[in-house]
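Have a look at the structure below, then the notes.
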DNA sequence: AATTAAATGGGGTGGTACCCCGTTTGCTGG
DNA sequence: CCAGCAAACGGGGTACCACCCCATTTAATT
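Residue numbers (our numbering), protein chains in the order written: chain C, 3 to 181; chain B, 3 to 181.
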């Protein structure tokens, strides 16, 4: 990769990061290219689809969540660790406008999508909770990720606190504790 | 309302209905106007925002769900009735492309939005389940609708069966039955 | 320094939402 | 029955968007 190409790549990613934080996942690519000081063709060459750009923007956030999952593997209560991590994912997705949409709507054929990465990062937490007996074995990590991202997307307007609350509700279920 | 205005209104709604079924909630308004045989200005005069058009398109579907909620009020098991209804909402939202997005993303200021209607229709089912003791009293109908619609939106690609499965999971929670 | 292939970006194409305003059309009172 | 009027209409304009072509520039290599 040539030096100028690499420079433009980073410029685009950081411009996109700012634009998405301000305008959401459907920010204008044209405007991103303009504010990065490159032509629109350059942006489209580096990132053939909108989602490939979003993935690049969110990659470091995703990696942060993976690290956090690693940390939580040694927490005393496995269910609480899983629940905490999922709530953190929800908060990240809600505050980082467009992350949830990016994860959910990314075309399935993209192999190393954000979703896959998070699922593999979280699965050890789920397995530990299953071994502990506090989570049903038929609950798949992919299902939990779908739920969390769905909630984050839906609660975009309502805010992170609301998203957290709904994640907790979905994990607990609607029945009373003793029922 | 003049006769021609009324006729164009219905034409636009039925053209929109077809277009949305084919292309989803982000179908081109321009194309809808064209296939309805009216100018784009006419469409924009009748429906100032995209959401107002979507609401008109989905109104009868929503009413169908309200009727169904009424029916289920006499079912023997209150929790099952609530759960059944929510799953039916999910199936409707998933199959009717764009309904979930319409309900979730509609601006809050629209008073008689689809969401409000469904919440009031479903609340008796929730109350009955609370009285029965099978649902925690702190669970609000609005929360359940948000969950269901979030799941429907997320499972748009995966299909109605997946949406139903996830709704069931969210209502049950992740814990084992006897836990 | 000359060569070469990669990278660039201005500008074109075809699409979109939304609005202005001259024209047509349905309604109604005489 | 018809004349006048307000309501409704829609063509065409503006401003924006994604995406692509291709002549030009530029970084790396010999």
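Quick reminder that beta carbons are idealized off the backbone N, C-alpha and C, glycines included. Please read these numbers as outputs of a predicted model, since none were measured by experiment.
Close to residue 148/C, with beta-carbon spacing below 9 Å, are these residues of chain B in chain order: 153, 156, 157, 160, 164, 168. Out of 104/C, 141/C, 148/C, 151/C, the CA that lies nearest to the CA of residue 28/C is found in 104/C. Using a CB distance cut-off of 8 Å, residue 89/C does not count as an interface residue toward chain B. If you draw a 10 Å sphere on the C-beta of residue 164/C, you find 16 or more other C-beta atoms in it, and that means buried. The alpha-carbon of residue 35/C is positioned some 28 Å away from that of residue 67/C. Under the three-state reduction of DSSP output, residue 158/C falls in the coil class, being neither helix nor strand. Nearest in C-alpha terms to residue 70/B, of all of 43/B, 106/B, 122/B, is 122/B. Any Cβ of chain B closer than 8 Å to the Cβ of residue 172/C would place that residue at the interface, and such an atom is present. Taking CB atoms only, residue 37/C has no neighbour in chain B less than 8 Å away.
DSSP places residue 3/C in the coil class of the three-state scheme, outside both helix and strand.
Residues of chain C whose Cβ lies closer than 7 Å to the Cβ of residue 145/B are, in chain order, 168, 171. Residue ranges of uninterrupted alpha helix (DSSP H) with 4 or more members, entirely inside the segment 36-83 of chain B and ordered along the chain, are 42-48, 52-74. Non-local beta-carbon contacts of residue 155/B in its own chain, meaning distances under 8 Å to residues more than five positions away in sequence, involve 95, 102, 103, 106 in chain order. Residue 152/C counts as buried, since no fewer than 16 other beta carbons sit within 10 angstroms of its beta carbon. Taking a beta-carbon distance threshold of 8 Å, residue 124/C does not count as an interface residue toward chain B.
Shown here, residue 178/B sits in coil according to DSSP, grouped into three states, outside any helix or strand.
Looking from the CA of residue 162/B, the closest CA among 77/B, 59/B, 84/B, 89/B belongs to 89/B.
Note that the C-beta distance between residue 169/C and residue 92/C is below 8 Å. In this structure, the beta-carbon distance from residue 60/C to residue 98/C falls below 8 Å. Residues of chain C with a Cβ closer than 8 Å to the Cβ of residue 141/B are, in chain order, 171, 176. Taking a beta-carbon distance threshold of 8 Å, residue 106/C counts as an interface residue toward chain B.
Straight across, the Cα-Cα distance linking residue 171/B with residue 81/C is about 16 Å. Between residue 65/C and residue 115/C, the gap from beta carbon to beta carbon reaches 8 Å or more. Between residue 75/C and residue 127/C a beta carbon distance of about 7 Å is seen, short of the 8 Å cut, so the two are scored as contacting.
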